[in-house]
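Trainee: In UniProt numbering, the protein residues as written are 432 to 709. Before anything else, here's the structure in question.
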Ligand code: C2E
Ligand code: CA
Ligand code: CA
Ligand code: CA
């Protein structure tokens with residue numbers, strides 16, 4: 432009882448309560464938003480650095496409130512993960528992105544790839560691979576043009592479980608990219624044992640590229656590592672021409688970033704492709 436009278440303790444628990452209430456409020460708001468179709472996907476084009484031709488796109492979740500304002504993914508995705516809603520939302524993301532891939536193929540973009548982010552929580556779900564197979568079957572999307580982006584934290588899962596899961600995903604024909612590569616602590620020898628197809632160089636390393644002589648060393652290392660392991664490499668967050676040129680000189684084949692395009696609507700993507708395809 433005495434502790435409750437202490438100002439510090441009281442303030443602390445009241446703040447905790449407020450934080451919990453805010454989280455619960457966001458969870459309900461997100462559930463309603465998903466039901467009301469306020470969640471959409473934006474697509475950010477990825478290009479071949481040497482030719483600047485389109486290579487694919489990454490699907491990115493957007494939550495637009497009825498008043499027009501956007502809730503950033505970094506705010507609502509942790510809530511989706513925490514509440515388990517990410518399972519349903521993540522399935523919707525995969526199916527929607529697959530349907531978009533099919534639509535773009537029908538427009539003639541037949542070498543175009545679609546990348547989808549997969550949360551750790553989603554990836555660990557026992558029916559993830561079944562869900563993936565179902566999504567491919569329902570949408571008739573060609574698995575070889577679908578890429579799943581997982582973060583290094585997923586890559587640090589229990590090694591045997593992860594190796595088994597990646598093998599199952601490989602069986603479906605879908606490719607795996609390690610997102611934000613270099614920001615986690617996965618060991619390099621471990622990477623060699625995983626069936627991954629692509630490394631994405633995190634934006635933080637790309638922005639350092641033109642900052643100093645040493646700034647490009649991590650990007651350079653990731654490119655070399657990827658090449659030695661026979662993996663594809665996508666640099667993300669490329670904002671200016673100098674970064675693009677340094678990356679190309681380092682031997683990085685693909686990139687995405689505001690220099691080429693911001694994340695855009697499906698209709699804008701179709702228009703972008705129509706004007707950027709040779
Ligand atoms: P991410 O997967 O690393 O996605 C790249 C983020 O960088 C996106 O932010 C994109 O809009 C932003 N970006 C792209 N090019 C540039 C650039 O040139 N400069 C700068 N400053 N930023 C750039 P966004 O859309 O806010 O997404 C944030 C994060 O939310 C994503 O990071 C990803 O981790 C997560 N996320 C987004 N959509 C999904 C989804 O469908 N499922 C899951 N599980 N996570 C998602
Ligand atoms: Ca990503
Ligand atoms: Ca990333
Ligand atoms: Ca990131």
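By construction, the Cβ of each residue, glycine as well, lies at the ideal position given by its N, Cα and C atoms.
Within 10 angstroms of the Cβ of residue 548, are there 16 or more other Cβ atoms? Answer buried if so, exposed if not.
Mentor: buried
Trainee: Express the C-alpha separation of residue 504 and residue 471 in angstroms, rounding to a whole number.
Mentor: 11 Å
Trainee: Per DSSP, residue 493 is paired with what?
Mentor: 471
Trainee: When the Cα atoms are used, what is the spatial distance from residue 590 to residue 444?
Mentor: 39 Å
Trainee: Which of the three DSSP states is assigned to residue 670 in this structure?
Mentor: coil
Trainee: When we look at the beta-carbon of residue 459 and count the other beta-carbons within 10 Å, is it buried (16 or more) or exposed?
Mentor: exposed
Trainee: In the DSSP assignment, find the beta strand (DSSP E) that holds residue 597 and state where it starts and stops.
Mentor: From DSSP, residue 597 is part of no beta strand (DSSP E) but of the alpha helix (DSSP H) over 590-603.
Trainee: Should residue 647 go down as buried or exposed, given a rule of 16 or more other Cβ atoms within 10 Å for buried?
Mentor: buried
Trainee: Please confirm whether residue 543 and residue 497 have their CB atoms less than 8 Å apart.
Mentor: No, they are not a contact pair.
Trainee: Could you pull out every residue in the same chain whose Cβ sits closer than 7 Å to the Cβ of residue 461, ignoring the five residues on either side in sequence?
Mentor: Annotation for residue 461: 507, 510, 511 and 516 place their beta carbon closer than 7 Å to its own, counting only its chain and skipping 5 residues before and after.
Trainee: Could you tell me the distance, in whole angstroms, from the CA atom of residue 466 to the CA atom of residue 644?
Mentor: 50 Å
Trainee: Please give the ranges of any beta strand (DSSP E) in the segment 603-637, keeping only runs that are unbroken, at least 3 residues long and fully inside the region.
Mentor: 606-612 and 629-632
Trainee: Who's in the neighbourhood of ligand 2, going by beta-carbon under 5 Å from any heavy atom, listed in chain order?
Mentor: 548, 580 and 610
Trainee: Can you list, in chain order, the residues of its chain with a C-beta nearer than 7 Å to that of residue 502? Leave out the 5 residues immediately preceding and following it.
Mentor: Only 494 and 496 meet the Cβ criterion.
Trainee: Would a C-beta distance cut-off of 8 Å place residue 627 and residue 668 closer than the cut-off?
Mentor: no
Trainee: Among the residues of its own chain, which have a CB less than 6 Å from the CB of residue 614, if the five just before and after it don't count?
Mentor: 633
Trainee: Does DSSP classify residue 581 as helix, strand or coil?
Mentor: strand
Trainee: Assuming residue 706 is part of the alpha helix (DSSP H), what are its boundary residues?
Mentor: 697-707
Trainee: With distances taken from CA atoms, which of 608, 483 and 603 is nearest residue 578?
Mentor: 608
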